[in-house]
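In what follows, a single structure is set out as structure tokens and then discussed.
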Amino acid sequence: MAELSTVARPYAEALFSAARDDKAGLPAWADLIGELAQVAENADVREAMSDPRLEDAQRVELFTGLIKTQLPQAVRNFVELLVANDRLLLLPIIAKQFVALKNRHEGTAQAEITSAFELSDAQVKELVDALETKFGLKLSPSVTVDKSLIGGVRVAVGDQVLDTSVQAQLARLRDTLAA
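Start counting the sequence shown at 55; every next residue gets the next number (our numbering).
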């Protein structure tokens, strides 16, 4: 997976550079790239794009035909480049890296919060406020519930993970006792 992200990085950076200079703005580009990534993740689309009987032009037409949004010429050119370099199926990774570049540019980050129990809006706000102070970034929370945590929360911001769940504490205790 690390290799694929390395291959995808130059494409994401080039796309970000083009989007940053475009009048449509980064949020519009992020939405569009997200839509492209969603289509590229579809198993049927992946199979069709891998069909050796299709020419590059046919792949571009087939793929762009599946997109609901009207594609600007720059995005169409990007899709043509990906098809020509046999990198179209990297779109989900490119989109993820694009969003990370956008967030870094805006001084924000995505906070993936996993809780053992449902959190109220007030609890999420309190947790996000504390995390924003810790990380020095404006955080956009995404909250999920995972009962296997038993209690507590696990928060991932970028490559940093804070795990205060009971499950993690039990695992640390088990490792300590086994050592």
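Where is the CB? At the ideal position from N, CA and C, for every residue including glycine.
In the DSSP output, which residue or residues are listed as bridge partners for residue i?
i	result
Arg-208	Thr-168 and Asp-217
Ser-196	Glu-166
To which residues of the same chain is residue i closer than 6 Å at the C-beta, ignoring the five residues directly before and after it?
i	result
Phe-70	Phe-152 and Leu-155
Trp-83	Ala-73
Leu-193	Ala-163, Ala-165, Val-182, Leu-185 and Glu-186
Val-137	Asp-110, Arg-113 and Val-114
For residue i, which residues of its own chain have a beta-carbon under 7 Å away from its beta-carbon, when the five flanking residues on both sides are left out?
i	result
Ser-202	Gln-221
Gly-212	Ala-163
Ala-102	Leu-116
So, under 8 Å CB-CB, residue i and residue j are touching, yes? Tell me the CB distance rounded to an integer number of Å.
i	j	result
Ala-253	Val-182	Beyond the ends of the chain as shown, which are 55 and 233, falls residue 253; an answer cannot be given.
Thr-168	Arg-226	With 8 Å as the limit, Thr-168 and Arg-226 do not qualify as a contact, their Cβ atoms being about 17 Å apart.
Given a threshold of 16 other Cβ atoms within 10 Å of its Cβ, counted over all protein chains shown, does residue i qualify as buried or as exposed?
i	result
Arg-100	exposed
Ser-219	buried
Val-215	exposed
Arg-228	exposed
Asn-29	Outside the shown range of the chain, which is 55 to 233, sits residue 29, and nothing can be said about it.
Leu-231	exposed
Asn-131	exposed
Asn-157	buried
Val-199	exposed
Leu-224	exposed
Does any residue of chain C have a CB that is nearer than 8 Å to the CB of residue i?
i	result
Leu-203	Among the protein chains of the structure shown there is no chain C, as only one such chain exists.
Which residues in the same chain have their Cβ closer than 8 Å to the Cβ of residue i, if we skip the five residues on either side of it in sequence?
i	result
Gly-205	Ala-170, Phe-171, Ser-219 and Val-220
In the structure shown, what three-state DSSP assignment does residue i receive?
i	result
Arg-107	coil
Leu-227	helix
Gln-124	coil
Asp-75	coil
Gly-190	coil
Arg-141	coil
Ser-174	coil
Ala-233	coil
Asn-157	helix
Asn-96	coil
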